[in-house]
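Heads up: the sequence shown runs through residues 61 to 320, numbered per this note's numbering.
Ideal Cβ positions, reconstructed from N, Cα and C, are used throughout, including at glycine.
Written below as structure tokens is the structure these notes are about.
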Amino acid sequence: MIGLDFGFGALEAEFWRLLFAMTRIGAAMIAAPLFGAGSVPPQVRVIVAGAISVLICSWTPLTPPEALLSLEGMVIVAGEVLIGLALGFVLQIAFAAPVMAAEVMGGSMGMGMAVAVDPNNGQQSPALGQYFTVVLTLIFLAVGAHLQWISLLLESYRIFPPGETWLGAEKSADIAGFAATMFLTAVTMALPVSLVLLVVQIVTGVLSRSAPALNLFALGLPAGVLAGLAALIAALPIISDQMVELTGTALTEARSVLLP
Numbered sequence: 061m062i063g064l065d066f067g068f069g070a071l072e073a074e075f076w077r078l079l080f081a082m083t084r085i086g087a088a089m090i091a092a093p094l095f096g097a098g099s100v101p102p103q104v105r106v107i108v109a110g111a112i113s114v115l116i117c118s119w120t121p122l123t124p125p126e127a128l129l130s131l132e133g134m135v136i137v138a139g140e141v142l143i144g145l146a147l148g149f150v151l152q153i154a155f156a157a158p159v160m161a162a163e164v165m166g167g168s169m170g171m172g173m174a175v176a177v178d179p180n181n182g183q184q185s186p187a188l189g190q191y192f193t194v195v196l197t198l199i200f201l202a203v204g205a206h207l208q209w210i211s212l213l214l215e216s217y218r219i220f221p222p223g224e225t226w227l228g229a230e231k232s233a234d235i236a237g238f239a240a241t242m243f244l245t246a247v248t249m250a251l252p253v254s255l256v257l258l259v260v261q262i263v264t265g266v267l268s269r270s271a272p273a274l275n276l277f278a279l280g281l282p283a284g285v286l287a288g289l290a291a292l293i294a295a296l297p298i299i300s301d302q303m304v305e306l307t308g309t310a311l312t313e314a315r316s317v318l319l320p
């Protein structure tokens, strides 16, 4: 059936069925920011993908292609990877919005030098962005969005059976268009703090012109940091509400990928 026969009969057929189901799930796990973070060991991803695939094999009449190692079989596998990456990439875009907002706020506050290693991709990112990422992750888990996303993965096997998983240009454009929502959310998050910092910088500039003896850098940097932190604390309820809304929008966008 698969192109390889090890002589184990039905047990071997179930193994290939499970391995084929893990293709879509594994691709989604790698692309998703929470499950595919660099701090998550690969063994954990394989175990989680295998556990979900066992449920899929039990609940759905999933059948792998008859010749998995043929050209047709490889095309079907590529389609499975495509739909998994699409569902995970939508979450990746949503989790990038707070980091972009932190870039704007941190640069205006003078905290651009405060960087940390992002566990998601191993690259350096602002420490404020790490804080926002942690908050968004906690909100994502608290509202049960991870369970809804896994439910969408299970639902994708009913909407896109193996062999019918190719996304058209319209769906690809919808995923790319979701980036506009990411930029809009990032600007909305950074706007209150940025406005306060703008006022502080204007006042600092007026003071430096009125009293040239004042050290602009000794006065402006602490004032910017203190004003930015105060504005950030005051704006946290608004930012958290925007993160909750962003989580719902990301799930809605992931669901729209599956809808015809």
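Put residue i into one of helix, strand or coil per three-state DSSP.
i: A92; result: coil
i: G237; result: helix
i: V317; result: helix
i: L289; result: helix
i: S118; result: helix
i: S99; result: coil
i: P297; result: helix
i: T264; result: helix
i: T123; result: coil
i: G308; result: helix
i: A230; result: The identity of residue 230 in the sequence shown is Glu, whereas the question assumes Ala. Correct three-state label for E230: helix.
i: P252; result: helix
i: P222; result: coil
Taking the alpha-carbon of residue i as reference, which of the options has the nearest alpha-carbon?
i: L196; options: L79, I153, I116; result: I153
i: L318; options: L281, F220, T309; result: F220
i: I85; options: S99, C117, E72, E74; result: C117
i: G237; options: E313, A294, L306; result: E313
i: V194; options: V159, A73, E132, A310; result: V159
i: A202; options: G308, R77, L78; result: G308
i: A287; options: V256, A187, L129; result: V256
i: P252; options: A240, P222, L244, I299; result: I299
i: W209; options: I293, L142, F149; result: F149
Taking the alpha helix (DSSP H) that residue i belongs to, which residues open and close that run?
i: F200; result: 187-202
i: F155; result: 131-169
i: E215; result: 205-219
Looking at residue i and the ligand SAH, is the gap between the Cβ and the nearest heavy atom below 7 Å?
i: L319; result: No copy of the ligand SAH occurs in the structure displayed, which carries no ligand at all.
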